[in-house]
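Numbering (UniProt numbering), first residue to last: 1 to 165. A virtual CB, placed ideally from N, CA and C, is assigned to each residue, including glycine. Note that the coordinates shown come from a computational prediction; the quantities given were computed from them, not determined experimentally. Below you'll find the structure, written out as C-alpha cells, and then a few comments.
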C-alpha cells in the first residue's frame, strides 16, 4: 500500500480497540506502537514494545519516565491492587505552566509527580492499561460515584444494542 516506505506507526490519544490495532498491523505491514502521555510529559510517558503484539495496553514506562499509580479511595482504586491515578516524574516532564503557578501546583505535587487524572492498572507483564478518567465520574444522590464508560460497556455487550451515545 505504501510501497515499502512505512517502517512503523506510533499512535497516542484515545485507546485503540484491539480489532483496529490488529487490522492496522496487517493492513500497513509494519509494527504499530501504542503510547500514552500528555503534552506535559513531552508526549509519550509509556510506549509499547515492537515485539509486543498484545493489544489493550500502552506499554511500560518510556526511558525518561518514572510512572506510579496512587490511591483514589473515593472511586475504589488502590495502588496496592495495581489500580489508581497515573502519575509521571522524570527528565521529560515540564517544569511548570507558563505564568500559571496555581495550575502548576494543582497538577504537579511537591515531589515532582504530575497527576494525569487518568486511572490506570498495571498488567502482569509490567504494561499499563488506561481504564478510566477521574473527571468522568459523577456522584449519585446517595453518594456513590459512577463511571459513564462502565455503564456504556455494560450496554454495548447486549446483543440488541448496536451503539451507545
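- Contact annotation: residue 58 and residue 131 have beta-carbon atoms that are not nearer than 8 Å.
- CA-CA distance, residue 80 to residue 68, rounds to 11 Å.
- Remark: three or more beta-carbon pairs, one from each stretch, lie closer than 8 Å, so the segment 47-58 and the segment 15-35 are flagged as touching.
- Nearest in C-alpha terms to residue 114, of all of 11, 66 and 98, is 66.
- DSSP places residue 34 in the uninterrupted beta strand (DSSP E) bounded by 32-38.
- Under DSSP, residue 132 forms a beta bridge with 119.
- As the crow flies, the alpha-carbon of residue 21 is around 22 Å from that of residue 154.
- With respect to residue 120, residue 146 sits apart: the two C-beta atoms are not nearer than 8 Å.
- The alpha-carbon separation between residue 61 and residue 160 amounts to approximately 40 Å.
- Taking a 10 Å sphere around the C-beta of residue 157, we find fewer than 16 other C-beta atoms and assign the residue as exposed.
- The three-state reading of DSSP puts residue 85 in strand, counting E and B together.
- Under the DSSP assignment, residue 142 falls outside any beta strand (DSSP E); it carries neither an H nor an E label.
- Pairing residue 139 with residue 133, the inter-Cα distance amounts to about 14 Å.
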